[in-house]
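K.L.:
The sequence shown: position 109 = 128 (the working numbering), numbered continuously.
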Amino acid sequence: MTSSTIFSTLDLRDGFYQILMRESDIPLTAVSTPSGMLWEWLVMPQGLKNAPATFNRCVTHLLRSVRDFAPSYFDDVFIHSRAVNGKSDVEMHTEHLRKLLELMRKHKLYANLKKCIFGATEIPVLGCLVGKNGELRQFLGLATYLCKYVSNYAGKIRPLSQLLKKEAAWEWTADCQQAFEAVKQGLTEAPILAVPDQDRPFHVVVIVWFTTNRVS
Numbered sequence: 020m021t022s023s024t025i026f027s028t029l030d031l032r033d034g035f036y037q038i039l040m041r042e043s044d045i046p047l048t049a050v051s052t053p054s055g056m057l058w059e060w061l062v063m064p065q066g067l068k069n070a071p072a073t074f075n076r077c078v079t080h081l082l083r084s085v086r087d088f089a090p091s092y093f094d095d096v097f098i099h100s101r102a103v104n105g106k107s108d109v110e111m112h113t114e115h116l117r118k119l120l121e122l123m124r125k126h127k128l129y130a131n132l133k134k135c136i137f138g139a140t141e142i143p144v145l146g147c148l149v150g151k152n153g154e155l156r157q158f159l160g161l162a163t164y165l166c167k168y169v170s171n172y173a174g175k176i177r178p179l180s181q182l183l184k185k186e187a188a189w190e191w192t193a194d195c196q197q198a199f200e201a202v203k204q205g206l207t208e209a210p211i212l213a214v215p216d217q218d219r220p221f222h223v224v225v226i227v228w229f230t231t232n233r234v235s
């Protein structure tokens with residue numbers, strides 16, 4: 020999604036129910052009802068241990084030809100575009116959406132229109148907002164993590180924060196550049212970088228990071 024300027028997201032309707040059960044497996048899904056009847060699932064039900072992996076693998080495989088501009092994650096498909104070869108970002112995005120929707124129609128994948136977003140400057144992706152101003156948001160996210168070490172942090176970032184407001188026009192002014200430099204300077208000078216005073220009490224914080232094969 021790097022350098023993309025326009026985004027859409029599609030929500031696949033009733034995710035697991037779009038996967039048909041293998042005919043030989045249908046009897047294995049039979050459940051008994053209070054009336055004494057047996058009901059069998061013709062589509063993949065919720066609760067199967069392999070259901071999430073099966074669904075994700077199926078969608079990824081069916082949409083593999085458009086994954087360069089429409090990656091998927093379970094029941095979400097994220098479409099991103101930018102201006103290329105003389106075509107505007109809107110023209111490219113329309114072309115990408117058309118290819119994706121034609122592919123979904125071919126494979127009978129259905130979307131929930133109420134949960135879809137089209138032609139936006141930013142979209143939610145796994146709990147985060149992804150948009151054309153992502154570099155600034157990423158910088159401020161890191162800086163905010165260390166903001167307690169920067170004097171008057173809120174005042175310094177105000178020109179940058181204004182750019183991220185919903186209706187704000189994106190214009191990198193001299194004030195923005197000055198704020199950017201001030202924050203960087205604040206992160207590299209005392210008190211963030213200082214030798215502990217052995218004559219005064221201080222805390223040592225140890226961060227343990229667990230990975231698959233080791234602890235670092």
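Every residue gets a Cβ at the ideal spot worked out from N, C-alpha and C, and that includes glycine.
Just the Cα atoms here: how many angstroms apart are Ala-72 and Met-56?
P.N.:
In the sequence shown, the residue the question calls residue 72 occupies position 53. In the sequence shown, the residue the question calls residue 56 occupies position 37. About 31 Å.
K.L.:
Tell me, which residues are paired with Thr-28 by DSSP?
P.N.:
Here residue 28 refers to the residue found at position 9 of the sequence shown. Looking at the DSSP assignment, Thr-28 forms a beta bridge with Phe-97 and Ile-136.
K.L.:
Buried or exposed, going by whether 16 or more other CB atoms sit within 10 Å of the CB of Arg-83?
P.N.:
Indexing the sequence shown from 1 puts residue 83 at position 64. Arg-83 is exposed by the Cβ-count criterion.
K.L.:
Mapping DSSP to helix, strand and coil, what is Asp-218?
P.N.:
For the purposes of this step, residue 218 is taken as residue 199 along the sequence shown, with counting starting at 1. The answer is coil: DSSP assigns Asp-218 none of H, G, I, E or B.
K.L.:
Which residues mark the beginning and the end of the alpha helix (DSSP H) in which Gly-178 is found?
P.N.:
Position 159 of the sequence shown holds residue 178. Per the sequence shown, residue 178 should be read as Pro rather than Gly. Pro-178 -> alpha helix (DSSP H) spans 172 to 182.
K.L.:
Would you call Thr-140 buried or exposed, if buried means 16 or more other Cβ atoms sit within 10 Å of its Cβ?
P.N.:
The residue you call residue 140 lines up with position 121 of the sequence shown. Exposed, because fewer than 16 other Cβ atoms sit within 10 Å of the Cβ of Thr-140.
K.L.:
Along the chain, where does the alpha helix (DSSP H) containing Glu-114 start, and where does it finish?
P.N.:
Translated into the one-based positions of the sequence shown, residue 114 becomes position 95. Boundaries of the alpha helix (DSSP H) harbouring Glu-114: 108 to 126, taken from the DSSP string.
K.L.:
Let me know if Val-225 comes out buried or exposed under the rule of 16 or more other beta-carbons within 10 Å of its beta-carbon.
P.N.:
Taking the sequence shown and counting its residues from 1, one reaches residue 225 at position 206. It is exposed - the Cβ of Val-225 has fewer than 16 other Cβ atoms within 10 Å.
K.L.:
Assign Tyr-92 to one of three DSSP states: helix, strand, or coil.
P.N.:
For the purposes of this step, residue 92 is taken as residue 73 along the sequence shown, with counting starting at 1. In the structure shown, Tyr-92 sits in a strand (DSSP, three-state: E or B).
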